[in-house]
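Below is one structure; the comments refer to it alone.
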Amino acid sequence: PGRYFRLRHLEIDPGGLDLGGIRFRMKTWRRSFYPGRSGRFIERELEADIHAIVEALRKENDDHPAYPDAVIEREIVRDVEAGAIDLRLVVHPGTGYRTRFTGNEAIGEATLRGVIRKAPFREARATLRSWYERRGFSEVRITETQHPLAPGLMERRFSIEEGVQRRIADVIFEGNHALSAEELSTVVQSRPAGLLHKGYFDREVIASDREAILERYAEAGFLDAQVAVEHSERGGRVFLTFRITEGMASRIGAITFEGGCGDAPKRVMPQLRSAIGAPLTPPAVEFDRRALVSRLSEGGHPYARVTAVAEPIEGGEGERSMRLSFQCVPGPPVEVGEIFLQGLLQTRPRTVLAEIPLRRGAPFSLLAVQEALSRIRELGVFQAVSVRVLGLEEKAPVVHLLFRMEERVPHTVDLGVGYESDLGWNGFFELGDHDLLGRAWDLRLRGSGSEDRQFGEIGLTDPRFLGGKIRARYGLFAERRRQGGGSAEVESLHYGASAGFFHRWSTRVSSGFTTRYERRLILAPTLPERIAQPIRALSEAQGRRVFDPDVAGTRDTLVFSPSLTWDARDSLIRPHRGIFATMSLDVNTGLTRSLDFFVRAMADVRGYVTPWPVVTFSGIVRGGGLRPYGETETIPADQRFYLGGSADLLGFAADSIRPDDPATGLPGDVGGTYFLFGALEARIPLPWDFEIALFLDNGIVTNDLGAFTPSAFRHSTGGGLRYLTPVGPIGLLYGINLDRRPGEVNGRFHFSIGYTF
């Protein structure tokens, strides 16, 4: 741990501009009010604050003109004895500019302002021209002039001659024999105008298409292929032709390794993309060359060089055979010297050193350095991690490693109050220490409460269980919950302890195994035996269970839960593409009662696709089942499945979807042993971080697998509005019950935080 400084005083000279409230936008100033180390001065945050202010000044808006030459000088005075920093910022805005457009007839001024707002000030004209050309205005002309408006203020005027907007009528391929027109059409971006494509005639895109065709032919072994582009025009409609000369195909006849390659070819052979008889393609050759360089580097030769040479062997009809030679120059061996750590305040040095798979005197490996960076980041206690290899550029025989780290704020406090349609008013709190004792242990105390559920937990996470790559989580928990409905509404209290172990096998695949001990107390209804016995007799006589009084009392259970997860989403908070799938199995063993011998299986698959920027489709299929084992013949009501509410079937009350009572044909009082839920949602983005959601939900809860028929499913549809925050959306949705039964409403509003899937 080292000394840290806090911001004591901030002075801002606005340079004659009105910058009211600017300090409230500075994270550096806001952090100064945090307690302890959390409020320490971080120079990287000051750099980010200054950059954000300068960028805002350089962009024109309704409040001020653009100041392209704006700079901010800073003066930092450190009081070492007091551990304080006095900061002075001086703004030098320079000349301001207001923008005006003339001659734009096809494109509105608001659109053009949006285009240049995203570009550097002095690149605005080029950006406008490129933007017009991408939309088919191939002959557009734009001139830029400046006129004084007031002292220190200029008008920047763009005079535009738009010309004719051209669209592609057809794309034709000629001279192609080895590759079909259908295959080539998937390579090019130029498309005829139609329902899904604007079809703009863009010379830059066409040039890119020509290169893409050449690359595709090179991948097929046609290294001498040529492509000429021609176009003809009729009334603004362009007919585009790619004339192709394929040439002769090249195939690999032999592969050799020369020089000091050592055992590198043997070790990388399974990875090589070049093979005898395969087409000779530059991308595959380059991949193989890099693989050899990497293998030599991992052996302690970071200065290794590998060159690839292809020479003809013999000719054949329509193709030629090539000899591919890789020539290796390993260079001198390099060892690791000293390892330095910089920026540690609370984290122990040995915690970080344990993540670095290199030691003094070991062969230097860039791959091992990258692995060290990845492992250090996985600890979760650093905002930024970087490394500098001292001596590598000088090609020294011994290199030293300097790891630079910036710690996150270790202590956190989260409080919140909210409202959800199913839970009513609810609140939560969380206290956390993300670097307990400097060992990267994550300690959290959390609690939440609503009318039907109160929950509390204290948990400890060790990211390196026994020094390995397994993440361990230990916890103590207690929960009070009310479930079910009618005469079988069950109120329970359960508490216990858990230990879970999790491992990430790749960027997408992870698995876990959790053991949980739980003591469950049924608090209500509490029925004396004189009442419970007639209920049992009534249940047997009617062939249905009104309420199982045997669940009352205290039950101790031990649960073993293996799980497997596949996560290929592009975002955890707001996914647009990818698939998420998880499977889990809970094996419950009753320690004091025979009711809790059962197995719970669950599966959840979600998919996301964004075919167009204006809409994202998301879907989910979730299902589960309960099966007793041993002497147990039934599943307690408090362990069964329920559907309905904000988490699944919108438009229905929470936990209101239960198996039908055979006597009445209406939903019974307790949940089922099987359930299946599916939903499809369309998410349409709006300005200002809003989003429209349209959904269709389907689900069933039953005690009989034979009841999974289309007519037995419950359905709802609807839509709503969400506001997207950095930590997830807040939404108000309305669900419509499509198959309303007696006692059910036509629909209901659901207020929720986060996506349900």
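Taking the numbering used here, I'd label the letters of the sequence shown as residues 31 to 787. Where is the CB? At the ideal position from N, CA and C, for every residue including glycine.
Nearest-angstrom Cα separation, counted from residue j out to residue i
i                 : j                 : result
glutamate 548     : glycine 681       : 33 Å
arginine 784      : alanine 712       : For clarity, residue 784 is glycine in the given sequence; the question names arginine instead. Whole-angstrom Cα-Cα distance: 15 Å.
aspartate 699     : asparagine 456    : 26 Å
isoleucine 52     : leucine 76        : 13 Å
aspartate 79      : serine 395        : 37 Å
proline 789       : leucine 326       : Outside the displayed span of the chain (31 to 787) sits residue 789, for which this structure offers no information.
threonine 612     : serine 593        : 7 Å
glycine 729       : phenylalanine 707 : 4 Å
arginine 233      : glutamine 219     : 11 Å
lysine 296        : isoleucine 343    : 24 Å
arginine 511      : glycine 702       : 18 Å
aspartate 580     : alanine 667       : Confidence in aspartate 580 is poor, its pLDDT being 48 and thus under 50, which makes the residue's placement too unreliable to answer from.
arginine 314      : threonine 537     : Per the sequence presented here, residue 314 reads as alanine, with arginine not at that position. If I take the Cα positions, the gap works out to 24 Å.
phenylalanine 720 : arginine 752      : 6 Å
phenylalanine 458 : leucine 490       : 19 Å
alanine 402       : leucine 40        : 38 Å
Helix, strand or coil at residue i according to DSSP, with G and I counted as helix
i                 : result
arginine 771      : coil
valine 645        : strand
threonine 157     : helix
phenylalanine 458 : strand
threonine 537     : coil
phenylalanine 188 : strand
serine 238        : helix
glutamate 385     : coil
arginine 575      : Note that arginine 575 scores a pLDDT of 43, beneath 50, so its modelled location is shaky and nothing firm can be said.
phenylalanine 720 : strand
serine 304        : coil
proline 363       : coil
proline 427       : coil
serine 395        : coil
threonine 141     : helix
isoleucine 565    : Low confidence applies here, because isoleucine 565 scores a pLDDT of 47, under 50, leaving its location unreliable; read the following figure in that light. Correct three-state label for isoleucine 565: helix.
tyrosine 127      : strand
aspartate 318     : helix
Where residue i falls, given that 16 or more other Cβ within 10 Å makes a residue buried
i                : result
glutamate 437    : buried
histidine 227    : exposed
phenylalanine 71 : buried
isoleucine 172   : buried
threonine 747    : buried
glycine 266      : exposed
valine 443       : exposed
threonine 788    : No statement about residue 788 is possible, as the shown extent of the chain runs from 31 to 787 and does not include it.
phenylalanine 63 : exposed
tyrosine 638     : buried
tyrosine 672     : buried
histidine 331    : buried
glycine 573      : Here the model assigns glycine 573 a pLDDT of 49, short of 50, so the residue's position is not dependable and the matter cannot be decided.
tryptophan 161   : buried
glutamate 90     : buried
serine 601       : exposed
Residues that DSSP places opposite residue i in a beta bridge
i              : result
glutamine 357  : Glu288, Thr337
alanine 529    : Tyr504, Thr545
glutamate 260  : Thr271
proline 178    : Met184
histidine 94   : Answer is none; histidine 94 lacks a bridge partner.
aspartate 43   : Val120
methionine 632 : Ser614, Gly654
histidine 780  : Leu763
Cβ neighbours of residue i in the same chain (closer than 6 Å, five flanking residues each side left out)
i                 : result
phenylalanine 610 : Asp597, Arg599, Arg636
alanine 321       : Val298, Gln301
valine 651        : Val635, Gly708
glutamine 12      : The structure shown does not extend to residue 12, since the chain is modelled only from 31 to 787, so the question has no answer here.
histidine 483     : The residue you asked about is not histidine; residue 483 is arginine in the sequence shown. Around arginine 483: Arg511.
aspartate 586     : Arg549, Leu621, Thr622
Close Cβ partners of residue i (< 7 Å) along its chain, the five nearest in sequence each way excluded
i             : result
glycine 750   : Ala723, Gly761, Leu762, Leu763, Tyr764
threonine 381 : Gly468, Arg469, Ala470
aspartate 463 : Pro440, His441, Leu473
glutamate 260 : Thr271, Arg273
Neighbourhood of residue i by C-beta distance below 8 Å, restricted to the same chain and skipping five residues each side
i              : result
alanine 208    : Tyr247, Ala250, Phe252, Glu276, Ala279
isoleucine 406 : Val382, Glu385, Ile386, Phe412, Val415, Phe433, Met435
proline 44     : Ile52, Val121
Any non-hydrogen atom of the ligand COA closer than 7 Å to residue i Cβ
i           : result
glycine 265 : You won't find the ligand COA in this model; it holds no ligand whatsoever.
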